[in-house]
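Data first, discussion second: the structure below is written as structure tokens.
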Amino acid sequence: MDQHLLSIVLLTPLAGLLVLLFIPSKSKDLIRIWANLAAFAGFLVSLPLVSRFQVGLRGFQFEERANWIPSLGAHYHIGMDGISLLLVMLTTVMGFIAILCSWSAVQDRTKEYYAMFLLLQTGMIGVFVSLDFFLFYIFWELVLVPMYFIIGVWGGPRKLYAAIKFFLYTLAGSVLMLLGILTLYFQHFHQFGTYTFEISELMKTTMPLGLQQWVFWAFFLGFAIKVPMFPFHTWLPDAHVEAPTAGSVILAAVLLKMGTYGFLRFSLPLLPKASMDQTIVQILAVLSIIGIIYGALVCMMQKDWKKLIAYSSVSHLGFCTLGIFSMNPNGIAGSVLQQINHGISTGMLFMVIGVVYERRHTREISEYGGLAHVMPKFAVIFAIAMLSSAGLPLLNGFVGEFTILLGAFEANRIWAAFAVTGVILGAAYLLWLYQRTMLGQVTNGKNLLIPDMSFREVAMFVPLIAWAIWIGVYPKPYFDILRQPVAEIVERVRPGYYSGGVQNAAIPRPVARAGVAR
Amino acid sequence: MQLWLIPILPLAGFVINGLVGRRFSRGLVSAIAIGSVVLSFAWVLKAIFGLGDLNSRYVEHYYTWIASGSVNIGVDFAVDRLTVVMLLVVTGIGLLIHIYSIGYMAHEGGYYRFFAYMNLFMFFMLVLVLASNFLLLFVGWEGVGLCSYLLIGFYFDKQFATNAGNKAFIVNRIGDFGFSLAMFLIFKNFGSLDFTKVFQHAPGASEAMLTTIGLLLLVGACGKSAQLPLYVWLPDAMAGPTPVSALIHAATMVTAGVYMVARSWPIFIHAPSAMNVVATVGIATAFFAATIGLVQNDIKKVFAYSTVSQLGYMFVGVGCGAFSAGIWHLMTHAFFKALLFLGAGSVIHALSGEQDLRNMGGLRKKIRWTFLTMMCAAVAIAGVPPFSGFYSKDAILLAAHEHAPWMYWVGVVTAGMTAFYVFRAMFLAFFGEYRGKEHPHESPPVMLAPLAILAVLSLVGGFLFNIPAFLSGVFPAREAVEDSSLMLISVGAGAIGILLAWFVYVAKPAMADSLASGFGWIYKTLYNKYFVDEIYDAAVVDPLVSGSRTVLWKGVDAGLIDGSVNGVGARAQDVGSLLRLLQSGNVRSYATWVLFGSVVAIVAMALAGIGSTGGLR
Chain A
42 MDQHLLSIVL
52 LTPLAGLLVL
62 LFIPSKSKDL
72 IRIWANLAAF
82 AGFLVSLPLV
92 SRFQVGLRGF
102 QFEERANWIP
112 SLGAHYHIGM
122 DGISLLLVML
132 TTVMGFIAIL
142 CSWSAVQDRT
152 KEYYAMFLLL
162 QTGMIGVFVS
172 LDFFLFYIFW
182 ELVLVPMYFI
192 IGVWGGPRKL
202 YAAIKFFLYT
212 LAGSVLMLLG
222 ILTLYFQHFH
232 QFGTYTFEIS
242 ELMKTTMPLG
252 LQQWVFWAFF
262 LGFAIKVPMF
272 PFHTWLPDAH
282 VEAPTAGSVI
292 LAAVLLKMGT
302 YGFLRFSLPL
312 LPKASMDQTI
322 VQILAVLSII
332 GIIYGALVCM
342 MQKDWKKLIA
352 YSSVSHLGFC
362 TLGIFSMNPN
372 GIAGSVLQQI
382 NHGISTGMLF
392 MVIGVVYERR
402 HTREISEYGG
412 LAHVMPKFAV
422 IFAIAMLSSA
432 GLPLLNGFVG
442 EFTILLGAFE
452 ANRIWAAFAV
462 TGVILGAAYL
472 LWLYQRTMLG
482 QVTNGKNLLI
492 PDMSFREVAM
502 FVPLIAWAIW
512 IGVYPKPYFD
522 ILRQPVAEIV
532 ERVRPGYYSG
542 GVQNAAIPRP
552 VARAGVAR
Chain B
412 MQLWLIPILP
422 LAGFVINGLV
432 GRRFSRGLVS
442 AIAIGSVVLS
452 FAWVLKAIFG
462 LGDLNSRYVE
472 HYYTWIASGS
482 VNIGVDFAVD
492 RLTVVMLLVV
502 TGIGLLIHIY
512 SIGYMAHEGG
522 YYRFFAYMNL
532 FMFFMLVLVL
542 ASNFLLLFVG
552 WEGVGLCSYL
562 LIGFYFDKQF
572 ATNAGNKAFI
582 VNRIGDFGFS
592 LAMFLIFKNF
602 GSLDFTKVFQ
612 HAPGASEAML
622 TTIGLLLLVG
632 ACGKSAQLPL
642 YVWLPDAMAG
652 PTPVSALIHA
662 ATMVTAGVYM
672 VARSWPIFIH
682 APSAMNVVAT
692 VGIATAFFAA
702 TIGLVQNDIK
712 KVFAYSTVSQ
722 LGYMFVGVGC
732 GAFSAGIWHL
742 MTHAFFKALL
752 FLGAGSVIHA
762 LSGEQDLRNM
772 GGLRKKIRWT
782 FLTMMCAAVA
792 IAGVPPFSGF
802 YSKDAILLAA
812 HEHAPWMYWV
822 GVVTAGMTAF
832 YVFRAMFLAF
842 FGEYRGKEHP
852 HESPPVMLAP
862 LAILAVLSLV
872 GGFLFNIPAF
882 LSGVFPAREA
892 VEDSSLMLIS
902 VGAGAIGILL
912 AWFVYVAKPA
922 MADSLASGFG
932 WIYKTLYNKY
942 FVDEIYDAAV
952 VDPLVSGSRT
962 VLWKGVDAGL
972 IDGSVNGVGA
982 RAQDVGSLLR
992 LLQSGNVRSY
1002 ATWVLFGSVV
1012 AIVAMALAGI
1022 GSTGGLR
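Just so you know, the sequences run in chain order A and B. The numbering of the first sequence is our numbering, which starts it at 42 and goes up by one. The numbering of the second sequence is our numbering, which starts it at 412 and goes up by one.
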């Protein structure tokens, strides 16, 4: 059981999907119950990962490895370190909650809808645990398909435009990424005479700086479009606005993290020289900062509630990428934590929109106002989600932002100074949104009679709020989990960082690999 | 000593009232809210008596909060004599204002919400003063800002209230920009954010570094404590219920900046130019705000600008190195300004919501207790000896004179204006003929009792609590300068202010209007607060909004980026429609293409073969 734990986590949604296919399309309630059960099971089986994960071990845990296509050198090789662990947990939690929040929102083609979500779930987990580039690429592309359909079939009025834009943008990125992967693959063959997609093997390839830079930019396009970093972000607002609520929740909470994860897992460790190239780092940091400020400013002007939150993602993910390109432990650890935080906070904000959209079927901010009078419970939950997104201390966002900014400051003071303005603007657009939708008198008669949140709706938010408070008040376990993998990345990119005179740097003890579950 | 209980108790009150207070009776809600503050106050007293003379800091470590890389920040509380003063002010005044609120809020909706927010405020404020490192202080700092936002916007029906709430939060965030950068710089230089460590190593750092840190901290303090140029949120914050104005926007939260500067004295003391900036900002704010206070007609606005002005005095104190004088004024100001606001609340309550001084008058006979207690505050703030404000203001002005004589003289003029505007408000409200329509009624005892206690404190708080003596071990020693002529001058300025107010508003009431019209444009400028809000709007807010909308969103996002993306799409379609011509359905033409393609493929492979053997490496 233990040695296949990760496979079980990976395949549980798929198993749920297989059973789902045999349920007749007409029995909608059964489909709903089953899909929720399957997603919940997916969450439950991922819990042992947390309890059995050994903090501080070098390398990967729960590894499983089997030959897949020997002639190509492709393997079924999965495993996880602290970064993967947190992202997988985010995926299983948000996946379940996204499926739960579709209960009443989706009425047609329920079977296909839930099938897409379960498929998506496996794809996303696969991306975060693959240790073989071929396998990774399969999962990476696999995620694209169900998301395309979720937007294109169950989306809003301009769903086709949005879905195709989403698909083409990401596909363009991933094709370039594939070119990068193949370059690495052939370079490795030239040097070692064997074909392999094994990431640990590819890491041994030495490449001249010039070539590393080309590969870096190829990867960059793939990942930057996914994040999305400025100026590759324009697919995101359209995709979010048209996607159904659960689609937006998953898109924001998990899918975008595939890009940042790609930087951390592939760009940095595989191309350390390019990653430390001053020009490249400068460009990426500046793009991140532009993303932070630009995203926030554009966000402020939106008239569409959902578009506003979509642009806020551009701003928040700017913090995540800035942390990565600070290339120091605080920046990177803060970035991963902030990725989790963004998943929780923005996931909640999209669910908040889902709640009102189900009642009023409009996302125009001007259609609302004074909702706090008619929906007091909703007002409280929205306020908490807003504050967690705005980075209020004792809620999750603050810890991540602070650590990132500390890392950015260590890298370059000017970066930090600009990035902090994003924190000011973050408060501005969220408070203004809250004021326009929730406060004041009810001016639109249609809003007078809408019901407050039901028990099921409140229940969806409670675990996320609890999680937000946990990270805000006691984030130490997260930093403990992240310390080792982050140290490995930093060591790889900046050899000697820990031994060189960085004050008070805690030197991570390399632990023997003997005890790793194999 | 279980210091954590001090803030946790109000937090418990917040959680209970916040979650289920809606279903409770008003009595139960206030019992929980006030009970939690009483317990907290009691625990403060117990802790103080249990900790002895507190000549050194007493620290409690609870758990490690953030530990990443070289960062290790704990949740630690500490108590020293400075904290003791702050704890007593916060819980003591906080308790009185909570009790007062029972009466004031009796007829308002959202009763449980109000008390929940107030308790949450107490929690964050106590975290702020107990914090033993900069980040934890920042937690309290942001938290009180949140509560301020929530309470300013308490009447969330009203657009101006919610606008004021947003403004307060955002302006504070601008200040936090400085505070955050200061923290990063402190961490970078000292490898820690812990007070003990940072202050231990501060003397070893370069003066330029300490000056930068000090100035950045000052930016934060200017936001929270409403100093130039970030004071603009505080006058608007009076949109909240009056007890909130008294507690948060007069007695406690707004003094956090002064506390923070005083707490960071080891940094400032080695950065004399930063201290000079602190003092200059303080004196400028004190003067500037006082001039605006001279002509306001809303009773709460008068006291709001007065608060800004008095906070300026505190900054002068700490900026001149007289840290204990600044804290002394912080305390006496908490007494008399809380009392002025609560008294104003009592007046407003008596007049069923009327706040305009022009619609008051002659109230001294109708609401006698309110009048008497407020008079105690008025003489205290005007610096009449031997009442509380006299002591602390005198200590600050003496230090200012030692620092730079011009600051003393500006301070004296400001003291005169202070006496004038406070007594102007008193005379307009309580003397002359009643000009309003409502029937005034005295407030209930539950409101008057806190007023009475604060009145006593305002009168005797100065000589009863000799803060400089109490804090002598905390701050660097200063030579005590006694200059009775300087003292007499400032007292004289206060007396002139009071007499002038008496003359203009009681003896010759017609004079006020003729003065206003005589100095038309000055009056207008002051009345409109130097048009600062309008200038900020035109210089910052509007360009930001329209720039974001037209340039960034419509221009860059929709125009440039999406335009080129869609352009690529359209070109791809063109190419596709050209390529479609190839797909003719003619077998012979397909065969030709296959042949052509094969040739190209073979050539390409040959070239690639050459490349892979020779080139790529």
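Built from N, CA and C at the ideal position, the CB exists for glycine as well.
- request: Look up M368 (chain A) in the DSSP assignment and say whether it is helix, strand or coil.
  value: coil
field: Check whether H483 (chain B) and T494 (chain B) have beta carbons under 8 Å apart
entry: For the record, residue 483 (chain B) in the displayed sequence is Asn; it is not His. Going by C-beta atoms, N483 (chain B) is not nearer than 8 Å to T494 (chain B).
- prompt: Interface residues of chain A around T475 (chain B) at Cβ under 7 Å?
  reply: K517
message: So for N77 (chain A), helix, strand or coil by DSSP?
response: helix
- prompt: What is the C-beta distance between V282 (chain A) and A351 (chain A), in whole angstroms, given that I count them as a contact (C-beta under 8 Å)?
  reply: 7 Å
field: Inter-residue Cα distance where the pair is T444 (chain A) and S376 (chain A)
entry: 8 Å
message: Distance cutoff 8 Å, beta carbons only. Does Q380 (chain A) sit that close to anything in chain B?
response: By this cut-off, Q380 (chain A) is not an interface position.
- prompt: Which chain A residues sit within Cβ distance under 9 Å of E471 (chain B)?
  reply: Per Cβ cutoff of 9 Å: no residues; E471 (chain B) is ~17 Å from chain A at best.
query: If we ignore side chains and look at the alpha-carbon of each, how far apart do E519 (chain B) and P652 (chain B) end up?
result: Cα-Cα distance, rounded: 10 Å.
- prompt: So, helix, strand or coil for E405 (chain A), using DSSP?
  reply: strand
message: With a threshold of 6 Å on Cβ separation, who are the neighbours of A904 (chain B) within its own chain once the five nearest residues in sequence on each side are excluded?
response: V823, A826, G827
For F103 (chain A), the three-state DSSP class (helix, strand or coil): For F103 (chain A), the secondary structure class from DSSP, reduced to helix, strand or coil, is strand.
query: Does any residue of chain B bring its CB to less than 8 Å from the CB of Q253 (chain A)?
result: no
- prompt: Buried or exposed: where does L113 (chain A) fall if 16 or more other Cβ atoms within 10 Å of its Cβ makes it buried?
  reply: exposed
Cα-Cα separation, A697 (chain B) to F734 (chain B): 17 Å
Neighbour flag for V543 (chain A) against chain B, beta carbons, 8 Å: Only weak support is given to the placement of V543 (chain A): the predicted model assigns it a pLDDT of 47, under 50, and the value that follows is read from those uncertain coordinates. Chain B, which has a Cβ nearer than 8 Å to the Cβ of V543 (chain A), makes this yes.
message: If distances are taken between C-alpha atoms only, which option among A:G120, A:G263, A:Q379 comes closest to R99 (chain A)?
response: A:G120
field: C-alpha gap between N977 (chain B) and I266 (chain A), whole angstroms
entry: 16 Å
- request: Give the single residue among B:E849, B:F942, B:N530, B:A613 whose Cα lies nearest to the Cα of W676 (chain B).
  value: For W676 (chain B), the nearest C-alpha among the options comes from B:A613.
task: Report the option in B:V706, B:T743, B:D709, B:I710 whose CA atom is closest to the CA atom of L722 (chain B).
output: B:T743
query: Closest Cβ-Cβ distance between T275 (chain A) and chain B: below 8 Å?
result: yes
- prompt: Hey, does F519 (chain B) have any beta-carbon neighbour from chain A nearer than 8 Å?
  reply: Note on identity: in this sequence residue 519 (chain B) is Glu, with Phe being the wrong assignment. No, because no Cβ of chain A sits closer than 8 Å to the Cβ of E519 (chain B).
- request: Output the distance between the C-alpha atoms of S617 (chain B) and L435 (chain A), rounded to the nearest integer angstrom.
  value: 34 Å
query: Using 8 Å as the limit for Cβ to Cβ distance, is A364 (chain B) near chain A?
result: With chain B represented from 412 up to 1028, any question about residue 364 (chain B) goes unanswered, as that position is not in the structure.
- prompt: H229 (chain A) lies in the alpha helix (DSSP H); which residues open and close that run?
  reply: 200–233
query: How many whole angstroms separate the CB atoms of A791 (chain B) and S869 (chain B), which I take to be in contact at a CB cut-off of 8 Å?
result: 4 Å
field: Within chain A, the residues that R584 (chain B) reaches when beta carbons sit closer than 7 Å
entry: V464, I465, A468
message: So, with DSSP's three-state summary, where would you put H518 (chain B)?
response: coil
message: Which residues does DSSP list as the beta-bridge partners of I477 (chain B)?
response: B:I484
message: Run through chain B and tell me which residues come within less than 9 Å of T444 (chain A), C-beta to C-beta.
response: I477, S479, G480, V482
message: Spatial neighbours of I19 (chain A) within its chain, please: C-beta separation below 7 Å, excluding the five flanking residues on both sides.
response: The question about residue 19 (chain A) has no answer, for chain A in this structure spans 42 to 559.
field: Any chain B beta carbon closer than 8 Å to G441 (chain A)
entry: no
task: Check the Cβ of K599 (chain B) against every Cβ in chain A and list those closer than 7 Å, keeping chain order.
output: F450, E451
- request: Kindly indicate which three-state DSSP category I64 (chain A) falls into: helix, strand or coil?
  value: coil
message: Under DSSP, the beta strand (DSSP E) around G486 (chain A) begins and ends at which residues?
response: Counting along the chain, G486 (chain A) falls outside any beta strand (DSSP E), and DSSP gives it neither H nor E.
- request: Find the residues of chain A that neighbour V976 (chain B), judging by a C-beta separation of less than 7 Å, and give them in chain order.
  value: T275
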